[in-house]
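Here the sequence shown is numbered in the UniProt record's numbering, starting from 10 and rising by one per residue. To keep things clear, I will list the structure first and then write my remarks on it.
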Amino acid sequence: KILILDFGSQVTQLIARRIREQSVYCEIHPYNMGLEKIKAFAPQGIILSGGPSSVYDAEAPHSDAGVYELGVPVLGICYGMQLMTSQLGGKVERSDKREFGRAAMNIDDTTDLFSGLAGKEEVWMSHGDKIEQMPKGFCAIAHTDNTPAAAMKDEKRRLYAVQFHPEVVHTPKGAEILGNFVFTVCGCQPIWTMANFIETEIASIRERVGKGKVICALSGGVDSSVVAVLLHKAIGDQLQCIFVNNGLLRKGEAEKVVNLFTRHFKINLDYVEASDRFLDKLKGITDPEQKRKIIGNEFIFLFEDESKKLGEVEWLAQGTLYPDVIESVSTKGPSAVIKSHHNVGGLPDRMKMKLIEPVRELFKDEVRLLGKELGLPDEVIHRQPFPGPGLAIRCIGEISADRLEILRESDAIVLDEIRKAGLYREIWQSFAVLLPVRSVGVMGDARTYDYTIALRAVNSLDGMTADWVKLPYEVMGSISSRIINEVKGVNRVVYDISQKPPATIEWE
Ligand code: XMP
Numbered sequence: 010k011i012l013i014l015d016f017g018s019q020v021t022q023l024i025a026r027r028i029r030e031q032s033v034y035c036e037i038h039p040y041n042m043g044l045e046k047i048k049a050f051a052p053q054g055i056i057l058s059g060g061p062s063s064v065y066d067a068e069a070p071h072s073d074a075g076v077y078e079l080g081v082p083v084l085g086i087c088y089g090m091q092l093m094t095s096q097l098g099g100k101v102e103r104s105d106k107r108e109f110g111r112a113a114m115n116i117d118d119t120t121d122l123f124s125g126l127a128g129k130e131e132v133w134m135s136h137g138d139k140i141e142q143m144p145k146g147f148c149a150i151a152h153t154d155n156t157p158a159a160a161m162k163d164e165k166r167r168l169y170a171v172q173f174h175p176e177v178v179h180t181p182k183g184a185e186i187l188g189n190f191v192f193t194v195c196g197c198q199p200i201w202t203m204a205n206f207i208e209t210e211i212a213s214i215r216e217r218v219g220k221g222k223v224i225c226a227l228s229g230g231v232d233s234s235v236v237a238v239l240l241h242k243a244i245g246d247q248l249q250c251i252f253v254n255n256g257l258l259r260k261g262e263a264e265k266v267v268n269l270f271t272r273h274f275k276i277n278l279d280y281v282e283a284s285d286r287f288l289d290k291l292k293g294i295t296d297p298e299q300k301r302k303i304i305g306n307e308f309i310f311l312f313e314d315e316s317k318k319l320g321e322v323e324w325l326a327q328g329t330l331y332p333d334v335i336e337s338v339s340t341k342g343p344s345a346v347i348k349s350h351h352n353v354g355g356l357p358d359r360m361k362m363k364l365i366e367p368v369r370e371l372f373k374d375e376v377r378l379l380g381k382e383l384g385l386p387d388e389v390i391h392r393q394p395f396p397g398p399g400l401a402i403r404c405i406g407e408i409s410a411d412r413l414e415i416l417r418e419s420d421a422i423v424l425d426e427i428r429k430a431g432l433y434r435e436i437w438q439s440f441a442v443l444l445p446v447r448s449v450g451v452m453g454d455a456r457t458y459d460y461t462i463a464l465r466a467v468n469s470l471d472g473m474t475a476d477w478v479k480l481p482y483e484v485m486g487s488i489s490s491r492i493i494n495e496v497k498g499v500n501r502v503v504y505d506i507s508q509k510p511p512a513t514i515e516w517e
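And the structure:
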């Protein structure tokens, strides 16, 4: 396994993903991880990430220089290279020519780190400082026009460093370079597979849980579904799932979840029909944050109530993913609350239960692979994200059974047409939003005064930023005419062409 020390680069997570994609396990830890802890982790190699600082800043993050003495190969990336240089007695200086973006790099040594590469490769640079003098024992193994030491190594001590970012897609051969480091230099084996993960995780779940009972809130989404099936494989009937129908789900969703988990997987599922309860609480509410809070609180209340009926339950299962638990330097710091997210986050404290999070070491794409390995259908594995508060935050203005029905039918048409066009898996999210705006139309000979549906389709890598999808006109056309013809109460469809930021993906 590989240890990645994070110095705050925006793309540190990508290093981990590029390595895990090659079936090698790795973890990200903050740069100041203690040497004893590093030794206990027993990495086969260490990667120092990039970061926004300059090594000579007073507050520049420094890792323990002992990492170079462990006898373990080290790869410094960008800031990591500069830190390695300054810690080992070389010299780093502000460059008068900042290098940012694509650069052509000449490779001077294709033996280890760059083995299998051509003499010239495109790489992604993003640095203001440069290596003025390499530390003793190092030689340059690549250069660009602006940077004489674009990569360097000390083969004896197995220390390597690159000024560019091999983890981003703009470095086309980046994955191969990282692969060379972990396989050729560190001697890792490609044994991190989902089949192995299932085996070890099942053993560890059994050991932790013993004869105890576990409850799991199923949402129908990828993460909770994978967690439920994995737990069921490990502890069978000791697992009890709870599925709350809040009346804010998409068309046919509740039936699908019940069918899949009870009929197919034979998992104990407590189905809670609470549509009326939620609708009742939401009556007259138009404020987005209030909607979110009401739905979140109501869910917790119901979940707590249901679980009490199940007797003594010790464990609560959650679909926490690796990006949520990485203590990374870049995601620290205060940020404004844009929307309060409704997840099961508040539950464990309130219910005094122990948490079990079987996928907390995995990235989303790994959870999908795991789901496939566990036999979950593609429909679940590749489901587009759907927010916890459901259709409530896509029904702008007051929520009523009638307005929800209009939205639900419109949404089903959107997804149907997107699927038919073969675009469902290419798009991050595609959905309908019901606006409180009515406008005049004409149907046959009669005047109509009906609602407007906004169509939203976005692409995104992680939900943090997003761009609207350039949907083919024919697809937009068939969505629009089907909604207007088939859904009573809608006479106009518009397309949302806003990016995130400054807009958000959901309207509320
Ligand atoms: P926004 O609207 O903030 O959404 O751009 C970013 C992503 O998060 C999803 N989303 C939620 N997911 N609980 C969730 O589990 C929530 O309360 C929630 N609100 C938004 C949204 O669908 C998008 O993918």
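No residue lacks a Cβ here, since even glycine has one placed at the ideal position from N, Cα and C. Being a predicted model, the structure only gives us computed values, none of them experimental.
- Just so you know, the alpha carbons of V191 and G60 end up roughly 21 Å apart.
- Taken in chain order, the complete alpha helix (DSSP H) segments of 4 residues or longer contained in the stretch 221–260 are 231–244.
- The C-alpha of L84 lies about 9 Å from the C-alpha of K162.
- In this structure P39 touches E336 by the C-beta definition: roughly 6 Å separates them, less than 8 Å.
- Just measuring C-alpha positions, the residue of F252, L258, I211 sitting nearest A226 is F252.
- Fully contained in the stretch 363–421 are the following beta strand (DSSP E) runs of length 3 or more, in chain order: 363–365.
- Judged by DSSP in its simplified three-state form, F109 adopts strand.
- Secondary structure note for A204: its alpha helix (DSSP H) is the uninterrupted segment 203–218.
- Between V499 and I427, the gap from beta carbon to beta carbon reaches 8 Å or more.
- Inclusion of L278 and F270 in the CB contact set at 8 Å is warranted, their separation being smaller than that value.
- At least one heavy atom of the ligand XMP sits closer than 7 Å to the Cβ of H350.
- Take the alpha-carbon of E382 and the one of L464: they are about 34 Å apart.
- In this chain, Q31 is not harboured by any beta strand (DSSP E), its DSSP state being neither H nor E.
- Every alpha helix (DSSP H) stretch that sits fully inside the stretch 63–142 and reaches 4 residues is listed by chain position as 88–96.
- Residue side-chain check: E515 places its Cβ nearer than 7 Å to a non-hydrogen atom of the ligand XMP.
- Using a cutoff of 7 Å, the CB of I86 does not count as near the ligand XMP, since none of the ligand's heavy atoms is closer than that.
- Y504: member of the beta strand (DSSP E) spanning 499–504, first to last residue.
- Here DSSP, grouped into helix, strand and coil, assigns N277 to coil.
- DSSP, read as helix, strand or coil, puts M42 in coil.
- Relative to M114, the option among A421, I140, A160 whose CA is nearest is A160.
- Just so you know, the alpha carbons of H391 and V346 end up roughly 28 Å apart.
- The three-state reading of DSSP puts N155 in coil, since its state is none of H, G, I, E or B.
- Beta-bridge analysis with DSSP links C35 to I11.
- In this model, I493 and L400 are separated by some 19 Å (Cα to Cα).
- In this structure, R301 has its CB closer than 7 Å to one or more heavy atoms of the ligand XMP.
- In the DSSP annotation of this structure, the continuous segment of the alpha helix (DSSP H) that includes V266 starts and ends at 262–267.
- Under DSSP, W324 takes part in a beta bridge, and its partners are V223, K363.
- Taking C-alpha positions only, H152 is separated from W133 by approximately 13 Å.
- Here R166 is not near V194, since their CB atoms are 8 Å or more apart.
- Counting the other Cβ atoms within 10 Å of the Cβ of H273 gives fewer than 16, which makes it exposed.
- Shortest Cα-Cα distance from N254 to any of D232, V238, D285, F147 involves D285.
- Nearest neighbour of L424 by Cα position, chosen from F395, I408, A410, I405, turns out to be F395.
- Judged by beta-carbon spacing, V267 lies beyond the 8 Å limit of L379, meaning their Cβ atoms are not closer than that value.
- Residue state for L291 is assigned as helix, using DSSP reduced to three classes.
- Collapsing the DSSP output to three states places D333 in a helix.
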